[in-house]
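If you want our numbering, it's the position in the sequence shown, counting the first as 1, plus 121. Built from N, CA and C at the ideal position, the CB exists for glycine as well. What follows is a short report on a single structure.
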Amino acid sequence: MLGETLGYLITESDGIYVDGTLGGGGHAEAICERLSGNGTLIGIDADADAIHEAGNRLRRFERSIHLVNDNTAHIAHILRARNISTIHGLLLDLGVSSFQLDEASKGFSFRGDDRLDMRMDRRQPLDAFGVVNGYDEAELADVIFHYGEERASRRIARRIVERRSEAPIETTGQLAAIVQSVAGGKFAVKSMARVFQAIRIEVNDELHRLQAILSDVLPFIAPGGRIVVISYHSLEDRIVKTFFNECAAEFIPSGNKFQPDTPRVPELKVLTKRPVEAADEEQRNNSRSRSAKLRAAERTAH
Ligand SMILES: C[S@@+](CC[C@H](N)C(=O)[O-])C[C@H]1O[C@@H](n2cnc3c(N)ncnc32)[C@H](O)[C@@H]1O
122 MLGETLGYLI
132 TESDGIYVDG
142 TLGGGGHAEA
152 ICERLSGNGT
162 LIGIDADADA
172 IHEAGNRLRR
182 FERSIHLVND
192 NTAHIAHILR
202 ARNISTIHGL
212 LLDLGVSSFQ
222 LDEASKGFSF
232 RGDDRLDMRM
242 DRRQPLDAFG
252 VVNGYDEAEL
262 ADVIFHYGEE
272 RASRRIARRI
282 VERRSEAPIE
292 TTGQLAAIVQ
302 SVAGGKFAVK
312 SMARVFQAIR
322 IEVNDELHRL
332 QAILSDVLPF
342 IAPGGRIVVI
352 SYHSLEDRIV
362 KTFFNECAAE
372 FIPSGNKFQP
382 DTPRVPELKV
392 LTKRPVEAAD
402 EEQRNNSRSR
412 SAKLRAAERT
422 AH
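Here it is as structure tokens:
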């Protein structure tokens, strides 16, 4: 989807762009290649290793990029601190990178047996160990149900609490075995993926931060500038879709048939009525792209 992403994002080769999920710098590199010598890219990632990795990859563009190790939820502060009042585009390619999943010390994957961590940003105190061993049964069940959409959430939460009363649950392998002991059989892998996704979302507060990024970046986007978001599960996609639709609405519904709707001035125009998905060939070659959904919106003149 690289071509579509750049096509939606870049409208001004001299512009200022933000890659709010820098990762290994693949998108950032392609953006820099499209910008003129006067264009600027601000690359943000919560993970210091991603900043290091991308820094090496982007060394040849050194003069036109700024790399920032922070959460993109702090976008307003990050831009103001650099005296930037207007940007021409924001890209978010959400979730974790394959590098993070493969890196044992980050403790994201249910396929290994590593210390439960899952923090994108090692400076934050809450990690997966803290969630799994510190939340009470009802809180755990809610996290697994709301962020993992796992139907066996209550039974899994109960089993976690039983097991940790004997000894703390230290590793991804121990957690995976607990999930399997409740939701085994042919759906075990799906259940493990859902539970690990839920805990990762909680640890990194991903959904609240996505909401904060979208609302806080809006005043910085120049008229005609774009927001492009690639999401990988329905919870993220719903937030993006709802935000775009609310900002593009021409009326606020009164909710009462005797009262007229209130007109409003839209701040965004939605460019993707339906989310863009990866082409068949990309889906065949890259399993992650199978769940990717791209949405784009353009800032209006208001
Ligand atoms: C899927 S990867 C991005 C890959 C990147 N587009 C590339 O081409 O290499 C997502 C990255 O965004 C980072 N990330 C996710 N949410 C973030 C947030 N709210 N603030 C800062 N970084 C975030 C993760 O640490 C991860 O490195």
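From the options, residue whose alpha carbon lies closest to that of residue i
i: G346; options: L392, A319, F220; result: L392
i: A418; options: K362, S230, R275; result: K362
i: R244; options: D223, S312, G255, N190; result: N190
i: R434; options: F182, S206, L356; result: Any question about residue 434 goes unanswered here, given that the chain covers just 122 to 423.
i: T193; options: S185, T207, L212; result: L212
i: M122; options: A422, P396, D234, H423; result: P396
i: E390; options: F220, H329, L339; result: Here residue 390 turns out to be Lys, not Glu, going by the sequence shown. Taking only the C-alpha atoms, the option nearest K390 is L339.
i: G251; options: I320, G294, L215, S185; result: I320
i: A370; options: V300, N377, V386, S355; result: V386
i: T142; options: G136, P289, E150; result: E150
Distance cut-off 7 angstroms: residue i Cβ against heavy atoms of ligand 1
i: N192; result: yes
i: Q245; result: no
i: V107; result: Here the chain has residues from 122 to 423 only, and residue 107 is not among them.
i: R359; result: no
i: Q221; result: yes
i: M241; result: yes
i: T142; result: yes
i: G306; result: no
i: I165; result: yes
i: D238; result: no
i: D168; result: yes
i: A171; result: yes
Beta strand (DSSP E) segment containing residue i, residue limits
i: K394; result: Unbroken run through K394: none, as it is neither H nor E.
i: T161; result: 161-166
i: E419; result: 414-420
i: D140; result: 137-140
i: G210; result: 208-214
i: G345; result: 342-352
Terminal residues of the alpha helix (DSSP H) in which residue i lies
i: S286; result: 274-287
i: I172; result: 169-178
i: K105; result: The requested residue 105 does not occur in the structure, where the chain is confined to residues 122 to 423.
i: T292; result: Careful: T292 lies outside any alpha helix (DSSP H) and carries neither H nor E.
i: V386; result: First-last for V386: undefined, no H or E at that position.
i: N190; result: No alpha helix (DSSP H) contains N190, which is instead part of the beta strand (DSSP E) from 186-190.
i: L356; result: 355-369
Closer than 7 angstroms: residue i CB and nearest ligand 3 heavy atom
i: H148; result: Only ligand 1 can be found as ligands here, which leaves ligand 3 out of the picture.
Rounded separation between residue i and residue j - CA only
i: N204; j: S230; result: 39 angstroms
i: I348; j: L130; result: 7 angstroms
i: R240; j: S226; result: 10 angstroms
i: S336; j: H195; result: 11 angstroms
i: T161; j: A169; result: 21 angstroms
i: H148; j: S412; result: 18 angstroms
i: K414; j: E402; result: 16 angstroms
i: A298; j: A314; result: 12 angstroms
i: L188; j: V217; result: 18 angstroms
Contact with chain B by residue i, beta-carbon distance below 8 angstroms
i: N204; result: The structure shown contains no chain B; it holds only a single protein chain.
Would you be able to state if there are at least three C-beta pairs under 8 angstroms between the stretch 300-312 and the stretch 260-275? Contact between the stretch 260-275 and the stretch 300-312 is present, because at least three Cβ pairs lie under 8 angstroms.
So, do the stretch 174-182 and the stretch 194-201 have three or more beta carbon pairs nearer to each other than 8 angstroms? Short answer: they don't touch.
Hey, is the stretch 247-261 in contact with the stretch 272-289, meaning 3+ C-beta pairs nearer than 8 angstroms? Taking a cut-off of 8 angstroms for Cβ pairs, the stretch 247-261 and the stretch 272-289 touch, as three or more such pairs fall below it.
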